[in-house]
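Residue numbers (this note's numbering): 64 to 212.
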C-alpha cells in the first residue's frame with residue numbers, strides 16, 4: 064500500500080514501521096521524527112520504502128508528531144506532461160496487529176480558513192472525524208500553564 068504507513072509490533076515490543084517512498088519526503092519535510100533520538104535514518108528498500116524500528120516511546124512521539132499541522136511548503140507546479148493519477152478505491156480495515164497512517168495524517172491538508180478567534184475565551188469545535196479541537200488564545204496560555212490544567 065503506497066498511501067499508508069504500516070506498522071507491526073515485534074516480539075520485543077518495538078514497532079516496525081514501513082514508510083512508502085511516496086510518503087518519505089512528506090515525513091522528512093514536516094519533521095515527523097522531531098524529538099525522537101536517535102533520529103531514524105533508515106536506508107531505502109528496493110521498492111523505495113523505508114523500514115523504521117522504534118521503541119514504544121519513540122512510536123508514541125512519532126504518532127504525536129503526525130498530529131501536528133504541516134510545515135508550509137511551496138505549492139508544486141503542475142506537470143502537464145503526465146496525466147493525473149486515478150483515485151484508488153477505499154481499502155478494508157487493517158489486521159489488528161497493524162496500524163495504518165494515511166498520507167493525509169502524515170501531512171494533513173489545510174482546512175478552510177478558521178473564523179475569527181475569540182481572544183478572551185477558550186473555544187472548542189468538532190472536526191469531521193469526531194475529534195474536538197480546543198482553541199486556546201495566547202493570552203490565556205500562561206494562566207493554564209501556571210495552574211497545570
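We put the CB at the ideal spot given by N, CA and C, even for glycine.
Relative to the Cα of residue 116, the nearest Cα in the group 92, 82 and 93 belongs to 82. Under the 8 Å Cβ criterion, the stretch 72–79 does not count as touching the stretch 91–108, having fewer than three qualifying pairs.
For residue 78, the uninterrupted beta strand (DSSP E) segment begins and ends at 78–82. Counting along the chain, residue 116 sits inside no alpha helix (DSSP H); it lies in the beta strand (DSSP E) bounded by residues 113–117. With respect to the 8 Å criterion, residue 95 and residue 128 are classified as neighbours on the basis of their beta carbons.
Per DSSP, the continuous alpha helix (DSSP H) segment holding residue 92 begins and ends at 87–92. Secondary structure at residue 107: strand, using DSSP grouped into helix, strand and coil.
Residue range 67–72 is occupied by the beta strand (DSSP E) that includes residue 67. Here residue 201 carries a coil assignment [DSSP, helix/strand/coil]. For the pair residue 93 and residue 133, the Cα-to-Cα distance works out to about 6 Å. A Cβ-Cβ separation of about 18 Å leaves residue 209 out of contact with residue 197 under the 8 Å criterion. At the C-beta level, residue 200 and residue 183 come within 8 Å of one another.
The continuous beta strand (DSSP E) containing residue 186 extends over residues 186–189. Taking residue 122 as the centre and dropping the five residues before and after it, the same chain places the C-beta of 78 closer than 7 Å to its C-beta, in chain order.
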